[in-house]
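Each residue of the sequence shown is one higher than the one before, counting from 3 in this note's numbering.
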Amino acid sequence: MEMEIGQRFERRLGEEFGGDDGTRRVVARQARDLADSGQFETDTDRKLTVSVVVENLRDAPDDLELAERWNWWMGALELAYGGYDRFRVVRWAGGRE
């Protein structure tokens, strides 16, 4: 049975792509938000599962870190379908320059 995007997903991300706890947590949260939105399933006629996420993140260039891999995939979906920029991982430094 396919593992849903849930608690064990962060561990799987770490096994596959490394990254610190915070990065894995943010990517997992974005993946859950994407799954909850139903947008991926509507656009691709595929359920968003852990295997689908991992498969697509593996397609990213090898020199990219986990969050960059996620954003690379969201960029590809944005180009293909539109509406995926809201699921990108963005760093907020806070304060004013």
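C-beta: ideal position from N, C-alpha, C; glycine also.
The structure presented is a predicted model; accordingly, all values stated were derived computationally and were not measured.
Are there three or more Cβ pairs, one per stretch, closer than 8 Å when the region 25–42 is compared with the region 67–84? yes
For a quick check, are the C-beta atoms of Val-54 and Arg-48 less than 8 Å apart? Translated into positions along the sequence shown, residue 54 becomes position 52. Translated into positions along the sequence shown, residue 48 becomes position 46. Their beta carbons are under 8 Å apart, which means Val-54 touches Arg-48 by this criterion.
When you compare the CB positions of Gly-21 and Leu-15, do they come within less than 8 Å of one another, or not? By one-based count along the sequence shown, residue 21 stands at place 19. By one-based count along the sequence shown, residue 15 stands at place 13. Result yes, Cβ atoms of Gly-21 and Leu-15 sit closer than 8 Å.
Does any residue of chain B have a CB that is nearer than 8 Å to the CB of Glu-43? No chain B appears in this structure, which consists of one protein chain only.
Restricting to runs no shorter than 4 residues, where is the alpha helix (DSSP H) found entirely within the region 21–65? If we require 4 residues or more, the alpha helix (DSSP H) runs fully inside the region 21–65 come out as 23–39, 41–46 and 52–60.
So, is Ala-62 buried or exposed, given that buried needs 16 or more other C-beta atoms within 10 angstroms? As a working mapping, residue 62 is identified with position 60 in the sequence shown. When all chains shown are included, Ala-62 counts as buried.
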